[in-house]
Structures are given as structure tokens and as C-alpha cells.
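Encoded as C-alpha cells, the structure appears first; notes follow it.
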Amino acid sequence: MLNRGKVFVVSGPSGAGKTTILTRFLKEDKNSAFSVSYTTRQKREGEREGIDYHFVTRSTFEELIRKGFFLEWEEVHGEMYGTPKEPLLEMIEKGIDVFMDLDVNGAMKIKRVFPQAILIFIQPPSEEELIMRLKNRKEKAIIKRLERLRKELEAKRFFDYVIINDSIEKALSEFKNIVEEVRSCHGKNNG
Ligand code: 5GP
Numbered sequence: 009m010l011n012r013g014k015v016f017v018v019s020g021p022s023g024a025g026k027t028t029i030l031t032r033f034l035k036e037d038k039n040s041a042f043s044v045s046y047t048t049r050q051k052r053e054g055e056r057e058g059i060d061y062h063f064v065t066r067s068t069f070e071e072l073i074r075k076g077f078f079l080e081w082e083e084v085h086g087e088m089y090g091t092p093k094e095p096l097l098e099m100i101e102k103g104i105d106v107f108m109d110l111d112v113n114g115a116m117k118i119k120r121v122f123p124q125a126i127l128i129f130i131q132p133p134s135e136e137e138l139i140m141r142l143k144n145r146k147e148k149a150i151i152k153r154l155e156r157l158r159k160e161l162e163a164k165r166f167f168d169y170v171i172i173n174d175s176i177e178k179a180l181s182e183f184k185n186i187v188e189e190v191r192s193c194h195g196k197n198n199g
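For any residue, its number in the working numbering is found by taking its place in the sequence shown, counting from 1, and adding 8.
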């Protein structure tokens with residue numbers, strides 16, 4: 009019997025470094041895939057349709073909700089974000105480990121659907137550092153993002169692992185160690 013893929017959910021405040029860690033990890037790690045979400049937010053410079061996100065209008069997103077297309081969805085910073093169900097289930101069935109970048113509410117929902125899912129929280133070293141990162145990214149909704157910060161930090165206690173990203177190399181190496189540990193410890197057929 010084919011081993012089922014595992015589900016890893018990465019969460020944390022915007023600017024904590026989730027995307028950098030995931031992109032670098034997935035580039036090297038074979039037999040893993042990124043769960044590409046749908047969103048109504050504007051594409052940022054360098055982002056690619058179908059790779060970083062599927063960018064859709066609000067009416068398309070609402071239609072997809074009605075059709076039951078999403079495994080979970082959330083409104084974050086005034087924009088909609090959702091995980092499509094089918095690709096995720098297909099990858100797991102094929103034995104591919106799936107990595108998701110979700111807000112903390114999305115992470116909790118996934119844990120309810122897949123109790124074996126591993127939740128990893130990426131934390132920026134300080135609020136000052138986070139503000140600097142968001143400014144560097146020319147992020148418009150800095151205030152909204154900071155307002156969410158406290159809520160996200162509170163949810164941290166529900167996570168299986170917390171990585172403090174004060175150095176990207178160190179954080180990436182911790183991330184790899186966690187994935188390896190999970191892959192070797194969890195029973196092969198535990199999902
Ligand atoms: P950003 O706009 O910075 O790409 O993402 C904003 C927030 O939405 C981040 O916390 C990110 O993890 C979260 N997010 C991205 N895709 C999804 C999704 O499909 N579902 C949920 N619940 N959150 C998502």
C-alpha cells in the first residue's frame with residue numbers, strides 16, 4: 009500500500025519569514041508540494057499565478073465557497089484566502105507531503121480535519137524587526153497586520169513547534185530538522 013503524504017501547516021505573522029522558509033525548503037525537498045491557496049488580494053511584485061496563489065475576484069471566490077470548493081477559508085486583513093480541497097487530497101493520496109502557509113485560524117481548522125497534521129509557528133524575533141521587514145516589503149496594510157499580531161502570538165500555544173526566525177539560515181535548518189523528525193518518528197501509514 010502506498011504511504012499517505014503528511015500535512016504540515018506553517019503559520020505566523022506576516023513578515024515572520026514563512027514564505028522564504030517554505031520556498032527554500034520546497035526547492036530542495038523532493039516528494040513535497042506546496043498547497044496553492046486562492047486569494048482575492050492583489051498580486052505582489054514577483055508573485056506568479058498558480059504558483060504562489062491563484063488570484064481571483066471576490067465574486068469568483070464567493071462562488072467557490074458556495075460550491076464547497078474549499079477545505080477551509082478565512083478573511084485575513086480584509087481579503088479572502090482559501091485552501092482548495094481536491095489538490096490537497098490528491099497529493100496526500102499519492103504519498104506526497106503537503107506544506108501549507110495559512111493564518112492561525114486556518115491552521116486550527118486543518119488540525120480538526122487532519123488531526124495528524126503538524127503545525128509549525130514561525131515567529132519574528134521582535135515587533136520592531138517585524139515592522140522593519142513589512143516596511144522593506146513596502147507592505148501597505150502594516151497597521152492591519154500588526155493588529156493581528158497579538159491574536160496570532162496567542163494562538164502559538166496550539167502549535168506543535170515554534171521557530172524563532174532571527175536568522176533565516178538557522179530557522180531553515182530548524183525547519184528541516186522538524187520535518188525530518190516527523191518523517192522518521194511518525195508511523196509510515198499515520199497520514
Ligand atoms: P499574504 O497576503 O501575506 O500572502 O497572506 C496573509 C495571511 O493569509 C498569511 O497569514 C497567510 O498565511 C494566510 N493565508 C494564505 N493562504 C491562506 C489560506 O488558504 N487559508 C488561510 N486560512 N490563510 C491563508
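Virtual Cβ for every residue (Gly too), placed ideally from N, Cα, C.
Task: 8 Å contact criterion, which I128 and F42 should meet: CB distance rounded - done: The Cβ separation is near 14 Å, so there is no contact.
Open item on the list: So, under 8 Å CB-CB, H85 and R153 are touching, yes? Tell me the CB distance rounded to an integer number of Å.
Closed with: At roughly 6 Å, the Cβ-Cβ gap stays under 8 Å, so H85 and R153 are in contact.
Task: Own chain, CB closer than 8 Å to E71, minus 5 neighbours either side, in chain order - done: Taken in chain order, the list of residues that qualify is empty.
TODO: Helix, strand or coil for S134, going by three-state DSSP, please let me know.
DONE: Of the three classes helix, strand and coil, the one that applies to S134 here is coil, per DSSP.
TODO: With distances taken Cα to Cα, identify the nearest neighbour of L157 among S175, R145, F167 and S134.
DONE: The residue with the shortest Cα to Cα distance from L157 is S134.
- [ ] May I ask you to report which of helix, strand or coil DSSP gives P92?
- [x] Strand, per DSSP.
TODO: Output the distance between the C-alpha atoms of S19 and R120, rounded to the nearest integer angstrom.
DONE: Cα-Cα distance, rounded: 16 Å.
Open item on the list: For a test of your reading of the model: does the CB of L1 fall under 7 Å from any non-hydrogen atom of ligand 1? Yes or no.
Closed with: In the structure as shown, the chain begins at 9 and stops at 199. Residue 1 is therefore absent and cannot be evaluated.
TODO: Report whether the distance from the Cβ of R49 to the nearest heavy atom of ligand 1 is below 7 Å.
DONE: Ligand 1 approaches R49 closely enough that one of its heavy atoms is under 7 Å from the residue's Cβ.
Open item on the list: If contacts are defined as beta-carbon pairs under 8 Å, then G25 and A179 qualify, I think. What distance do you get, rounded to the angstrom?
Closed with: Indeed they touch by this definition, with Cβ atoms about 6 Å apart.
TODO: With a threshold of 7 Å, establish whether the CB of H85 neighbours any heavy atom of ligand 1.
DONE: Relative to the non-hydrogen atoms of ligand 1, the Cβ of H85 comes within a distance shorter than 7 Å of at least one.
Open item on the list: Less than 6 Å between C-beta atoms, sequence neighbours within five positions excluded: which residues of the same chain meet that for F167?
Closed with: Within the same chain, and ignoring the five residues on either side of F167 in sequence, the residues whose Cβ sits closer than 6 Å to its Cβ are L127 and F129.
TODO: Look up V17 in the DSSP assignment and give the residues it is bridged to.
DONE: Beta-bridge partners of V17 (DSSP): M108 and L127.
Open item on the list: According to DSSP, is E53 part of a helix, a strand, or is it coil?
Closed with: In this structure, E53 counts as coil in the three-state DSSP scheme.
- [ ] Give the straight-line distance between the Cα atoms of N197 and R12, rounded to the nearest whole angstrom.
- [x] Confidence at N197 is low in this model, with a pLDDT of 45, below 50, so the placement of that residue should be treated as unreliable; the coordinate-derived value is given next. If you take the alpha carbons of N197 and R12, they lie about 6 Å apart.
Task: Alpha-carbon spacing of C193 relative to V44, whole angstroms - done: Those two C-alpha atoms are separated by around 27 Å.
- [ ] For N185, count neighbouring Cβ atoms within 10 angstroms of its own Cβ and tell me buried if that reaches 16, exposed if not.
- [x] Exposed, by the Cβ-count rule.
Task: Among L161, T91 and M99, nearest to L110 - alpha-carbon criterion - done: Across the set L161, T91 and M99, the C-alpha of T91 shows the shortest separation from the C-alpha of L110.
Open item on the list: Among the candidates F107, G76 and L96, whose CA atom is the shortest distance from the CA of L30?
Closed with: For the set F107, G76 and L96, the Cα lying nearest the Cα of L30 is the one of F107.
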